[in-house]
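Undergrad:
In this note's numbering, the protein residues as written are 6 to 138.
#1: Output needed for residue 121: all residues of its chain with C-beta closer than 7 Å, excluding positions within five of it in sequence on either side, in chain order.
#2: With a CB to CB cut of under 8 Å and the five nearest residues on each side skipped, what residues in its chain are close to residue 65?
#3: Rounded to whole angstroms, what is the Cα-Cα separation between residue 88 and residue 79?
#4: Across the region 126-134 and the region 39-57, are there enough close Cβ pairs to call them in contact, namely three or more that are closer than 8 Å?
#5: Threshold first: 3 residues or longer. Then list the beta strand (DSSP E) segments lying entirely within the region 27-70, N to C.
#6: Helix, strand or coil for residue 88 per DSSP?
#7: Helix, strand or coil, according to DSSP, for residue 127 in the structure here?
#8: DSSP on residue 72, reduced to helix/strand/coil?
#9: Nearest-angstrom Cα distance between residue 97 and residue 31?
#10: According to DSSP, simplified to helix, strand and coil, what is residue 122?
#11: Just to confirm the assignment, what range does the alpha helix (DSSP H) spanning residue 83 have?
#12: Which word fits residue 101, buried or exposed, when buried means at least 16 other C-beta atoms lie within 10 angstroms of its C-beta?
The following block contains the structure:
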């Protein structure tokens, strides 16, 4: 009986401590300032280095336009962009923060565009957030 009473008191005290449990984090002022500066700097950066899939590189404008039409027909929900870096036209699609994020779509798209490859590009953050990849 005495043993049960000790266990009961122990459980009661444990529960009362759990009810009043609070965690207080004391952050150094220099850490607080560094985090505020980090947030300010990153909030002002609109463009980051990320990944796209380049579906075609050609020196023939008609081939590039055909690839764009085919892509729009097959994947209407995914954004694309093209560039002319003389003498080549390049069509790039999607927007991915990490290379691993594009691998599944790259395998799928290679059925229709066998020369598709992952490439790095400067991409606006809002394009990554909107899920156009």
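Just so you know, even glycine gets a beta-carbon here, dropped at the ideal spot from N, CA and C. Keep in mind that this is a model prediction, so the values were computed, not measured.
TA: Reading off the structure:
#1: 58, 59, 60, 111, 114, 115
#2: 94
#3: 21 Å
#4: yes
#5: 52-63
#6: strand
#7: strand
#8: helix
#9: 48 Å
#10: strand
#11: Note, residue 83: premise wrong, no alpha helix (DSSP H); not H, not E.
#12: buried
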